[in-house]
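Undergrad:
There are 2 protein chains.
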Amino acid sequence: MSSDLLLHNISKYISLSEDESAYFKSKLRERKLKKKQFIIQENQVSESVAFVVSGCLRSYTIDDNGFDHILQFAPPDWWITDMFSFISQKPGNIYIDAIDDSNVYLLSRKDQIDIFEKIPAFEKYFRIITENSLVASRKRVMDGLSLTASDRYHDFCQRYPTLIECLPQKQIAAYIGVTPEFLSKMRRKVKK
Amino acid sequence: MSSDLLLHNISKYISLSEDESAYFKSKLRERKLKKKQFIIQENQVSESVAFVVSGCLRSYTIDDNGFDHILQFAPPDWWITDMFSFISQKPGNIYIDAIDDSNVYLLSRKDQIDIFEKIPAFEKYFRIITENSLVASRKRVMDGLSLTASDRYHDFCQRYPTLIECLPQKQIAAYIGVTPEFLSKMRRKVKK
DNA sequence: AGAATTTCTTAATCTAGGTTAAGGATTTTG
DNA sequence: CAAAATCCTTAACCTAGATTAAGAAATTCT
Numbered sequence: 001m002s003s004d005l006l007l008h009n010i011s012k013y014i015s016l017s018e019d020e021s022a023y024f025k026s027k028l029r030e031r032k033l034k035k036k037q038f039i040i041q042e043n044q045v046s047e048s049v050a051f052v053v054s055g056c057l058r059s060y061t062i063d064d065n066g067f068d069h070i071l072q073f074a075p076p077d078w079w080i081t082d083m084f085s086f087i088s089q090k091p092g093n094i095y096i097d098a099i100d101d102s103n104v105y106l107l108s109r110k111d112q113i114d115i116f117e118k119i120p121a122f123e124k125y126f127r128i129i130t131e132n133s134l135v136a137s138r139k140r141v142m143d144g145l146s147l148t149a150s151d152r153y154h155d156f157c158q159r160y161p162t163l164i165e166c167l168p169q170k171q172i173a174a175y176i177g178v179t180p181e182f183l184s185k186m187r188r189k190v191k192k
Numbered sequence: 001m002s003s004d005l006l007l008h009n010i011s012k013y014i015s016l017s018e019d020e021s022a023y024f025k026s027k028l029r030e031r032k033l034k035k036k037q038f039i040i041q042e043n044q045v046s047e048s049v050a051f052v053v054s055g056c057l058r059s060y061t062i063d064d065n066g067f068d069h070i071l072q073f074a075p076p077d078w079w080i081t082d083m084f085s086f087i088s089q090k091p092g093n094i095y096i097d098a099i100d101d102s103n104v105y106l107l108s109r110k111d112q113i114d115i116f117e118k119i120p121a122f123e124k125y126f127r128i129i130t131e132n133s134l135v136a137s138r139k140r141v142m143d144g145l146s147l148t149a150s151d152r153y154h155d156f157c158q159r160y161p162t163l164i165e166c167l168p169q170k171q172i173a174a175y176i177g178v179t180p181e182f183l184s185k186m187r188r189k190v191k192k
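Protein sequences appear in the order of chains A and B.
For the first sequence, the working numbering gives the first residue as 1, with consecutive numbering after it.
For the second sequence, the working numbering gives the first residue as 1, with consecutive numbering after it.
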């Protein structure tokens, strides 16, 4: 497993010297995940943020009635963590697990902050990544307020054509905010 | 009007020399807003981000049926902008206006980036502000997926006790995602 | 202060989407 | 490969919250 994908991602926003990128790499921990394996569970502290190299992860909560609600899918080239827990280093309420066998790099909050101090360009990199995530998250809030379930489903299909193919419908339902039964009903209507 | 509130906010996260803070202040533009005055409208580019010193602003969209959906309230000590448009400098789809007579400082994206280069500590300040906004936005996504309207209303009352007092109910309804009629019904039930 | 506008409430009716239940299709596991 | 588990679909029925309409209360404007 190589860190090419991650370094390429970083190079879109900042440029690093050989030394800097070696130092950064020295802080990463490689981890292989089997399908359904967790990297974080409720009430744990998210020590690290994960960069997905292959496979796919998801973050979600489980409500009082036992239903999943999916906050994020992370296909390759994405970062994922329980942001609340990661930045506060307090216990969170989110689960993160692998949807398929996956490879990730983990970076601890402690090391991240250390890198911010040693290599200020990383402050910029993560500032930009976080800005982009905020835009995506706010769009999702607006979509939840202003779109019907059917609009949200079609929007999802357009934005994430790759995910549509590899995700069970259950999980798409848990992301757009409907029951699997209702998603099934919506899909039947489209066909006609 | 003084920039004390803003400098105090900044000092919670980073420390600045006299020169640095003078330079930063030189880039701010003061602006007084009358109630209902816009700083951004749909299809415009959000050149600036606004820091609220007094009063209160809101960001929202208007859907095809003419209904408002409120994304954010910004009481004093908060930043507000159309994040998508601000970071991409492309036209956005959000309105931002003053709920009460307000005073704000405006910082253009161009000047912000200039400051990031001259004073790297600001990269850290905005990275932290953006991280916190992302946590809040993701919590709101989860609440939309897993809570009932009534739970979202009570949550809002607890989190923003100050806003409850000065906002018309219409606007609280447009934030939590229900009609004003249904909010009225929920409030009646609570009394009994 | 009085007219005009906006906001809030109530109540009847409606609907998008949930719930329950059951059978069939797929996938996973031993 | 068969058994078990998970996933998907369908259909009948149910409910949280929307819609419509109309009057009362509060604000804003002249």
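For each residue, glycine too, the CB sits at the ideal point set by N, CA and C.
#1: Note the first and the last residue of the continuous beta strand (DSSP E) segment covering Ser59/A.
#2: In whole angstroms, what separates the C-alpha of Pro161/B from that of Asp19/A?
#3: Comparing the C-beta of Asp63/A with each C-beta of chain B, is any distance below 8 Å?
#4: To the nearest angstrom, how far is it from the Cα of Phe51/B to the Cα of Val104/B?
#5: Compare the Cα-Cα distances from Phe84/A to each of His69/B, Ala121/B, Asp101/B, Asn132/B and report the closest residue.
#6: Do we get a CB-CB distance below 8 Å when we pair Val49/A with the residues of chain B?
#7: Where does Ile99/A sit, in a helix, a strand or coil, going by DSSP?
#8: For Asp63/A, which residues from the same chain have a beta carbon less than 8 Å from its beta carbon, with the 5 sequence-adjacent residues on both sides left out?
#9: Do you know how far the Cα of His8/B is from the Cα of Met142/B?
#10: Name the chain A residues that come within less than 7 Å of Arg138/B, Cβ to Cβ?
#11: When burial is assigned at 16 or more other CB atoms within 10 Å of the CB, is Phe38/A buried or exposed?
#12: Going by the CB atoms, is the gap between Thr179/B and Thr130/A shorter than 8 Å?
#13: Between the C-alpha atoms of Tyr60/B and Leu167/B, what's the straight-line distance to the nearest angstrom?
#14: To test your reading of the DSSP string, which unbroken alpha helix (DSSP H) runs of 4 or more residues are found completely within the region 94-160 of chain A?
#15: CB of Asp101/A to nearest heavy atom of the ligand GTP: below 7 Å?
TA: Working from what's here:
#1: 57-62
#2: 51 Å
#3: Interface with chain B (8 Å Cβ-Cβ cutoff): Asp63/A is included.
#4: When only Cα atoms are considered, Phe51/B and Val104/B end up about 5 Å apart.
#5: Cα-wise, what sits closest to Phe84/A is Asn132/B.
#6: no
#7: coil
#8: His69
#9: 32 Å
#10: Arg138/B reaches chain A at Leu71, Met83, Ser137, counting residues in chain order whose Cβ is nearer than 7 Å.
#11: exposed
#12: no
#13: Each residue's Cα considered, the two are about 15 Å apart.
#14: The region 94-160 of chain A contains these whole alpha helix (DSSP H) runs: 109-118, 121-146, 149-159.
#15: Ligands displayed in this structure: none; no statement on the ligand GTP is therefore possible.
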